[in-house]
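In what follows, a structure is listed as structure tokens, so that the remarks can point back to it.
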Amino acid sequence: MKAVAVFPASKEVKLIERVDPAITRPDQVKLRMLDVGICGTDKEICTFAYGSPPQGESYLVIGHEALGEVVEVGTDVRGLAPGDLVVPTVRRPCPHARCRPCRAGRQDFCETGDFLEHGIKGAHGYLAEYVVDDARYMNLVPRDLRHVAVLVEPLTIAEKAEAQLYGLMQRRPPWIDPAATERMIGKGHNALILGAGPVGLLGAMALLSAGFKTWVYSRGREPDPRIDVARRIGATYLSTEDVPVSQLSTHIGPIDLVYEAVGHSLLAFEVLRELGPNGIYVLTGVPDKQTLIEADPSALFRELVLKNQVVLGTVNAGPQAFAAAIADLQTFHLRWPDAVSALMDERTPIDRAIQRILDRPARIKSIISFPSRE
Ligand SMILES: [Zn+2]
Ligand SMILES: [Zn+2]
């Protein structure tokens, strides 16, 4: 079967031929892969900035935003059957007894750093025609999400953030409107999304669904399909070319929540200064090295203290976030079918995957698909 692999030692990315995997343990499932989404992490792995093969192996099969169809189940597997659609959980627990998050099934909070991530760190990914994996890490997806479920994994980032946000908001008495239902915790609040990539726009859908009045702030002006998506879902788009950071509050009013999804540390830092009283600032982008600036830490910390602000970093996602992402994607798909479809580019067959990944990053989600063998 075909797979896409990186060879870090020789700095090569290749379409390789591997033997079809077979179930070797009774708790495993075999998947035929349907769609694999590509993100900045894949590009970093393919330019050898990141990513590590499984121990003792020379290459890493990449791909972590996956949708597969179960074709075979081990004898101990319950709750999954051939024909089911699943999205695999990317991160797997570290082996250490002292790591409480991993022992509690919350490896997204792993404290040792010795976790594995399929397609990223120490475990093969899903950009392959077939995969064998542990059944308990498979998240069942309803059939009607077949064409959009590749967005589940990037949506889990917003879902994990939102779950933490909900906890934080409940501890800030004035935050939640007494008239708001549990699904509408953002009612009466303003949210600003930094970045109009798939993670940002999926985050915008999640925050709008939670009742926040939502703005998306990014580079670029119309025409741009991402700006159309923002508009169609009911967010207001602000271009960095038209609105300087210092004027954001003039357009928005008090910024109660920032959801950063761009990985640009300077922009993130500047916007932090605009966060409103009692505001929460969620960082999800992983910045690489950027220009150094002079800063006044005392002014920054003074504001954080005097305004009761929270800065929250969040990475990866646990099982609850996958379940929430699947449920929310179903809602988004019903509410904004065109906008959800517009987040995804045309499918690229696996034979042309490498070129697709190494090309300039697409503005919307690139997806690699697998022609059926039957
Ligand atoms: Zn990704
Ligand atoms: Zn751990």
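If you read the sequence shown in my numbering, its first letter stands for residue 975, the second for the next number, and so on. Even glycine gets a Cβ: it sits at the ideal position worked out from N, Cα and C.
How long is the line joining the alpha carbons of residue i and residue j, rounded to whole angstroms?
i, j, result
"L1182", "L1303", "13 angstroms"
"S1272", "L1280", "12 angstroms"
"E1348", "R1006", "Interpretation of E1348 is limited by its pLDDT of 49, a score under 50 that renders its predicted location unreliable; no figure is taken from the coordinates."
"R999", "G1048", "7 angstroms"
"C1013", "N1282", "34 angstroms"
"P1147", "G1079", "30 angstroms"
"L1241", "D1216", "15 angstroms"
"M1143", "G1237", "25 angstroms"
"F981", "Q1029", "13 angstroms"
"P1251", "P1228", "7 angstroms"
"L1101", "A1299", "22 angstroms"
"P1199", "I1338", "8 angstroms"
"D1001", "D1050", "5 angstroms"
"I1019", "A1154", "43 angstroms"
"H1121", "L1212", "30 angstroms"
"G1093", "G1025", "8 angstroms"
"L1054", "E1156", "31 angstroms"
Is it buried or exposed for residue i, if we count other Cβ within 10 angstroms and need 16 for buried?
i, result
"L1168", "buried"
"R1334", "exposed"
"F1089", "buried"
"P1152", "exposed"
"V1350", "In this structure the chain extends from 975 to 1348, so residue 1350 is not present and cannot be described."
"A996", "exposed"
"P1056", "exposed"
"R1066", "buried"
"D1325", "exposed"
"A1267", "For the sequence presented, residue 1267 should be read as Ile rather than Ala. Exposed, since its Cβ has fewer than 16 Cβ neighbours within 10 Å."
"G1037", "buried"
"G1042", "buried"
Going by DSSP in three states, residue i sits in which element: helix, strand or coil?
i, result
"F1089", "coil"
"D1016", "helix"
"K985", "coil"
"P1075", "helix"
"Q1221", "helix"
"Y1024", "coil"
"Y1104", "strand"
"A1123", "helix"
"Y1211", "strand"
"I1331", "helix"
"A1055", "coil"
"I1338", "coil"
"S1343", "strand"
"R1006", "strand"
"G1011", "strand"
"T1049", "coil"
"D994", "coil"
Any heavy atom of ligand 3 closer than 8 angstroms to the CB of residue i?
i, result
"P1261", "Ligand 3 is absent from the structure shown, which contains only ligand 1 and ligand 2."
Measure how close the beta-carbons of residue i and residue j come, nearest whole angstrom, since I'm counting them as under 8 angstroms.
i, j, result
"K1017", "I1331", "6 angstroms"
"D1231", "F1186", "Checking the sequence, you will find Leu at residue 1231 rather than Asp. Sure, about 7 angstroms apart at Cβ, within 8 angstroms."
"V1126", "V1061", "4 angstroms"
"V1171", "V1190", "The amino acid at residue 1171 is misidentified as Val; the sequence shows Gly. The Cβ separation is near 10 angstroms, so there is no contact."
Along the chain, which unbroken stretches of the alpha helix (DSSP H) at least 4 residues long are found entirely within the segment 1146-1193?
1172-1183
For the segment 1228-1305, which segments carrying the beta strand (DSSP E) assignment without a break, of at least 3 residues, lie completely within its bounds, in sequence order?
1229-1234, 1249-1257 and 1284-1287
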